[in-house]
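Here the sequence shown is numbered in this note's numbering, starting from -2 and rising by one per residue. Even for Gly, the Cβ is constructed at its ideal location relative to N, Cα and C. Okay, so here's the structure we're looking at.
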Amino acid sequence: MACPDPRSPTEIFMSAPILITTWPFGLAANEAAWPALDAGGHGLDAVCEVCHHVELDMEVDSVGLGGLPDSSGQMSLDACVMQAPGLVGAVCAYSHSPHPTQAARLVMEQSPHVLLAGAGADSFAREQGLGPRSPLADSARARFEAWRSRGGGPGESHDTVASLALDRHGRLAGACSTSGSAWKLAGRVGDSPIPGQGLYVDPEAGAAAATGLGELAMGSSVSFLAVEAMRRGEPPAVALELALERVRAAHSLDAAEQLAMVALTPDGRWGHATLRAGYETAVRSSAGAELRAPEPLMTEA
């Protein structure tokens, strides 16, 4: 697909490319996307490739084909891609295939809209030539049946994949993909497909993305909040901590509620933050691949 550029030609410059992806499974996904990005490819292609890779990873039970269904046994997926406030596309309650990121990109590039939902999103993907494939794997169906036989229980798994990239031409891009919390109520949509909540990119100020319990991110529009803090001059890590502190102040958090964030500036500075321990960020640059854990803002008593 052609990648629209939100900047004028005079703003194009050479940068050191970098990929920032949530969670340890981002290491392998970053490696899949890195060669093209390092060779001068578009950041949007890179973040979409990262998400595509995780969407096929059966070890990740909160994204794509490895994801777990809702409380009715149905699978619904959410995704967003973004380059700028005027270049964003998303789908929610999507079930046409395990690759909602592909559909979200088509919404951005081939429609006048930002967000398509449910049957409409599925129909649009079909019209755009995306082949159908059930996003509910046999292993996920078996886990659902076991959960139902135990009489149900609270939701679990909210490890959204979110990826931010800066390419050699100075273009920022972001993408996120999720199947949402396991056993969620049918119809539930989290933060991932909502611009400003799970993901926000402004080519002048920076990019930010969230992973964790979507309801926490949605209440404070954390990604938009972090990008606006970077616009005011805050370093990425500080901007993210400000956003997470807003969440902590607004909610009575129990031990299972987690939210983590990543951010990237147009000049290649990046940061991460997390409410609780257990989160790690996968980073890929010309210096190599690494996994880093931010200091948690909250410690357990």
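{"query": "Only counting the same chain, and skipping five residues up and downstream in sequence, which positions put a Cβ closer than 7 Å to that of N27?", "result": "L16, T18, V47, A279, R281 and A286"}
{"query": "Using DSSP with H/G/I as helix, E/B as strand and the rest coil, what is R289?", "result": "strand"}
{"query": "Is it buried or exposed for A107, if we count other Cβ within 10 angstroms and need 16 for buried?", "result": "In the sequence on display, residue 107 carries Gln and not Ala. Result: exposed."}
{"query": "Below 8 Å, is the gap between the Cβ of H96 and the nearest heavy atom of the ligand NAP?", "result": "Looking at this structure, you won't find the ligand NAP or any other ligand, since it has none at all."}
{"query": "Please return the same chain residues whose Cβ sits closer than 8 Å to the Cβ of G216, not counting the five positions on each side in sequence.", "result": "V244, A247 and H248"}
{"query": "With a threshold of 8 Å, are at least 3 pairs of Cβ atoms found where one atom belongs to the segment 170 to 181 and the other to the segment 61 to 78?", "result": "yes"}
{"query": "Which two residues bound the contiguous beta strand (DSSP E) that contains R281?", "result": "T278 to S282"}
{"query": "What span of residues does the beta strand (DSSP E) with W144 cover, start to end?", "result": "Premise fails: W144 lies in the alpha helix (DSSP H), D135 to S146, not in any beta strand (DSSP E)."}
{"query": "Answer yes if the segment 187 to 205 comes into contact with the segment 75 to 83, meaning at least three C-beta pairs across the two stretches below 8 Å, and no otherwise.", "result": "yes"}
{"query": "CA-CA distance, P14 and D164?", "result": "5 Å"}
{"query": "Is DSSP giving L84 helix, strand or coil here?", "result": "strand"}
{"query": "Give the straight-line distance between the Cα atoms of A304 and E212, rounded to the nearest whole angstrom.", "result": "This structure leaves residue 304 out entirely; the chain is present only between -2 and 298."}
{"query": "So for L112, helix, strand or coil by DSSP?", "result": "strand"}
{"query": "Could you compute how far the alpha carbon of L222 sits from the alpha carbon of T296?", "result": "24 Å"}
{"query": "Would you please state the rounded distance, in angstroms, between the beta carbons of Q71 and A183? I believe it to be under 8 Å.", "result": "6 Å"}
{"query": "Bridge partners of L261, per DSSP?", "result": "A204 and W267"}
{"query": "By Cβ distance, which residues of its chain are closer than 6 Å to G37, with the 5 residues on each side in sequence left out?", "result": "R165"}
{"query": "When the Cα atoms are used, what is the spatial distance from A81 to A87?", "result": "13 Å"}
{"query": "Span of the beta strand (DSSP E) holding S174?", "result": "L169 to T175"}
{"query": "Going by DSSP, what residue range makes up the beta strand (DSSP E) through D199?", "result": "L196 to D199"}
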